[in-house]
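Heads up: the protein sequence lines correspond to chains A and B, in order.
Here the first sequence is numbered in this note's numbering, starting from 1 and rising by one per residue.
Here the second sequence is numbered in this note's numbering, starting from 1001 and rising by one per residue.
In this text, a Cβ means the ideal position worked out from N, Cα and C, and glycines have one as well.
Here is the structure we will look at.
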Amino acid sequence: MHFSIQNILFLLVAVAGFGLFAWQVRKIRANILVGRDRDMSGHVNERLWKTLLVAFGQQKMFKRLTPAILHLIVYIGFIVINIEVIEILIDGIFGTHRVLSFLGPLYSLLTGTNEVLGALVVLAVAALWWRRNVKGVRRFTGPEMRAWPRLDANVILYIEVVLMMALFTMNAADLKLHGASLPGAFPVSQFLTGLLPDSPTALHVLERVGWWAHIVGILLFLNYLPSSKHFHIIMAFPNVYFSRLVPQGQFSNVDSITHEVKAMMDPSYQVPAPATEPDGSAAAPTPFGAKDVNDLAWTNLLNAYSCTECGRCTSVCPANITGKLLSPRKIIMDTRDRVEEKYNAPLIFNPNLYGKEAKHDPQEQLDRENHTLLRGYVTPEELWACTTCNACVEACPVNINPLESIVEMRRFLVLEESAAPNSLNVMFSNIENNGAPWAFSPSDRFNWADDLFVAEK
Amino acid sequence: MAELTAKRQVSVPMMADLAARGETPEILFWVGCAGAFDDRYKRVTRAFVRILEHVGVNYAVLGMEESCTGDPAKRAGNEFLFQMQAMQNITTLNGYGIKKVVTACPHCFNTIKNEYPALGGEYEVIHHSTFLQQLINEGKVKAEGGESFKGRRITFHDSCYLGRANNIYEAPRAVLEVLDADLLEMKRCKTNGLCCGAGGAQMWKEPEPGKKDINVERAEEALATLDGDADVLLNLQGVESTAPVLPAGSNRGGSVIAVACPFCMTMMADGVKNKERESDVQVFDLAELIASAEGLNA
Ligand code: HEM
Ligand code: SF4
Ligand code: SF4
């Protein structure tokens, strides 16, 4: 063990890195909790099983094979290489050198696997970059993919490559320095040693640079996550865990309306006492539906922080396919921008500074008065184009549900603003008056049975 | 033409009459607004009743006591109107002690099955595709003695509220299976099925501005699947097909787009009309196909 100034420096860097991340996570946690309460407890086994399949197992990714395989490589690479990061942390703090090497052959297996995976990750990331920037896969485009989201998507890929390069630099220099006596197996780095200088001092510096770049890179990356769609590497897991278990066709019933309707139908019905604030005063009445992010359930906000901006939802949306404004991905991205504009912003991407410019047309920005999620970001035209077909919900690899947010905003339009399209208002009054969405007389409801014959067999 | 088979007039049993006699039916057939009022879908209701009569199921309908389930109101965001309708229907159904509901409409099915329980209406709810599948499995319906579909091309359009909403993909296909027809799957089928464009209360409003109507996109896909026209299929995704309309009868004639939902029926039929293919491609509901194949129409 060579305890030195480097170790103290490293300890400081690590504490700062993790501390900053914890600080950001607390802000985001607070953002998510501005959402309305929703009981998602229970069914632990069912939820864990689903998390295992959909998140860990990448189940829904495999609906599209090519990106699924490329992603799987990066995903497995990340998880396995992180075992080595544990070693790096221990080495860094205690001044050890490759502390896990006592594992013997197992250590060789670990380092060998890491090297192979590292190389595969570089190739996979190159392929992902090519699909995004050269091939121009359609779902990566769209009006909501301007500026920051576009840049962000590439930044992630570059960082991924830099991290892998640092790993290889460190290993190759270490290998050249120690030769065969270095514990572990280095199937890739052994071919890179020739590229390095021969002077031991230079090698030593390179090894240290690689080491520092890898670990500092990871800490920087960690703090970049909350500003990025790459936050999904963490949030995908809780998001899948807390996703709905009921059939996709089942929409929530608004409880406060249930009480009202029951009281109307049965005057003796006791409406439960209205909610009170902790100090005993009556709580402000909550509106029907959602006008702004804090009217959505916390799970809808959790969704917004889990989105990978992959566009699978939008690419299967019948409204979007046929040229309507609606894009379920935009609804989710708007939700995240708005919650960060209104509440806490993460470290790097701050919608108040350049979010709106990044995603919104100038006339929308001017509309300060109505600058809520509804109208400020999402227009009624988008909401009314939805056929509630659940294709977006089915497609999302991280079990995000854009439809819930759409319906909540429709509820606000209809119940709080009476702002449904006129033809729908006609449909509503038909149901009220005729018990059918069309203007038919209720007394004709049984006419279909007239003159009905069946062949006797 | 001489009558080959005897026919019998059906007097559809009304729930109120059964209740007056102290009887409860085995199933309540929930007709739905489209099934009761839409001229095209009334034929499906009648076909389904013919099947019920033919197999001798003990059933009843609510007749004029039935009211909209509230589905279109709920999907449009009018939760208040939905719950008014739901409570009214639940009062009626519970008043008659109904246990089992069968319906030919996926929207009614979804609403009663998934959204009524929280409001006090708990029933076993079955969509007619599942019900028909059961009749076939039990050997009560054999699809013999009527129109032959052997060798004809049929493609099934998944209804969102049956498929993704409730995971029913196999029952309608099992029903079509007995027709011994040439069943073709569209590229976007089952979990990936493309909506007909009517759900979420779109049925009652004009579509938002765009470059194409959803039902035209879907009809083009169905037609190209039936025609085996790979070029059109490649170019879909919202692009209006410019492929020449195939001359009527070129796809062996009598091809069928099968549906299991009143709104899909309207949308697909309009789409076929838009492509001027009514003369050789027809849109039928599962119940109509089975009633024809079984020779029940009179
Ligand atoms: C925990 C480790 C994970 C890592 C290191 C990781 C890494 C990445 C990277 C590098 C990208 C960018 C790819 C591109 O630009 O096309 C990406 C995108 C994506 N990730 Fe992950 N991911 C992880 C976890 C997950 C999980 C658990 C899921 C959900 C099942 C997921 C779903 C996605 C999706 C849908 C995309 C969008 C790109 C596409 O559609 O191909 N990721 N991920
Ligand atoms: S549910 Fe609405 S937003 Fe989602 S895919 Fe269907 S039409 Fe698009
Ligand atoms: S909501 Fe889901 S499917 Fe849509 S872009 Fe985000 S991660 Fe992809």
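DSSP places B:ARG1173 inside the alpha helix (DSSP H), whose first and last residues are 1170-1177.
For B:THR1069, the closest alpha carbon among the candidates B:GLN1088, B:GLU1023, B:ALA1076, B:GLY1056 is that of B:GLN1088. At a beta-carbon threshold of 8 Å, none of the residues of chain A lie near B:ILE1126; the nearest stands roughly 15 Å away.
Sequence-distant partners of A:ASP152 (beyond 5 residues in either direction) whose C-beta falls short of 7 Å from its own C-beta, in its chain, are SER228, LYS229. About 12 Å separates the Cβ atoms of A:ARG139 and A:CYS392, ruling out a contact at the 8 Å cut-off. Put simply, the CB of B:SER1067 is near chain A, with a gap under 8 Å to one of its CB atoms. When C-alpha distances from A:GLU432 are compared across B:GLN1083, B:ALA1047, B:LYS1150, B:ASP1180, the shortest belongs to B:GLN1083.
Taking 8 Å as the CB threshold, A:MET40 stays off the interface with chain B. Around the beta carbon of A:PHE102, a 10 Å sphere encloses fewer than 16 other beta carbons of the protein chains shown; the residue is thus reported as exposed.
Around ligand 1, the residues whose beta-carbon falls short of 5 Å from at least one of its heavy atoms are A:ALA55, A:GLN58, A:PRO67, A:VAL74, A:TYR75, A:PHE78, A:LEU128, A:ILE233, A:ALA236, A:THR308, A:CYS310, A:PRO397, A:VAL398, given in chain order.
The three-state reading of DSSP puts A:THR276 in strand, counting E and B together. In summary, B:TYR1116 is buried, with 16 or more beta-carbon neighbours lying within 10 Å of its beta-carbon over all protein chains present.
Fewer than three beta-carbon pairs drawn from the stretch 216-225 of chain A and the stretch 179-194 of chain A are found closer than 8 Å, and the two stretches are therefore not classed as touching.
Taking 8 Å as the cut-off, the Cβ atoms of A:ILE234 and A:CYS307 do not count as close. Interface criterion not met: the Cβ of A:THR141 is under 8 Å from no Cβ in chain B. Legend: CB atoms of the stretch 386-403 of chain A lying less than 7 Å from CB atoms of chain B belong to residues CYS386, THR387, THR388, CYS389, ASN390, ALA391, GLU394.
Against chain B, a Cβ distance below 9 Å from A:LEU325 picks out GLU1208, PRO1209, GLY1210. About 6 Å separates the beta carbons of A:PHE231 and A:TYR305, which is inside the 8 Å limit, making them a contact pair. Nearest to A:PHE168 by C-alpha distance, out of A:GLU341, A:VAL85, A:GLY118, A:LEU65, is A:GLY118. For A:TRP49, the enclosing alpha helix (DSSP H) has its first and last residue at 44-50.
The contact set of B:MET1084 on chain A, defined by CB atoms closer than 7 Å, consists of VAL261 in chain order. By a beta-carbon distance limit of 8 Å, A:CYS313 does not contact A:LEU326. Their separation comes to about 11 Å.
The straight-line gap separating the alpha-carbon atoms of B:LYS1211 and B:LEU1236 is approximately 12 Å. Secondary structure of B:ASN1094 (DSSP, three-state): helix. When C-beta atoms of the stretch 1022-1033 of chain B are compared with those of the stretch 1066-1081 of chain B, three or more pairs fall below 8 Å, so the two segments count as touching.
Relative to ligand 3, even the nearest heavy atom lies 7 Å or more away from the CB of A:ALA297. The DSSP assignment places no complete run of the alpha helix (DSSP H) inside the stretch 78-113 of chain A (cut-off: 4 residues). In the structure shown, the three-state DSSP call for B:PHE1284 is strand. Around the C-beta of B:LEU1028, 16 or more other C-beta atoms lie within 10 Å, and the residue is accordingly described as buried. In the three-state reduction of the DSSP assignment, B:HIS1128 falls in the helix class, which pools H, G and I.
Using a Cβ-Cβ cut-off of 8 Å, A:ARG445 counts as an interface residue toward chain B, since at least one Cβ of chain B sits closer than that to its own. The alpha helix (DSSP H) runs of length 4 or more contained entirely in the stretch 237-319 of chain A are, from start to end of the chain, 255-265, 298-306, 312-316. Residue nearest to A:LEU177 within the set A:ILE156, A:ALA202, A:VAL161 is A:ALA202 (criterion: CA-CA distance).
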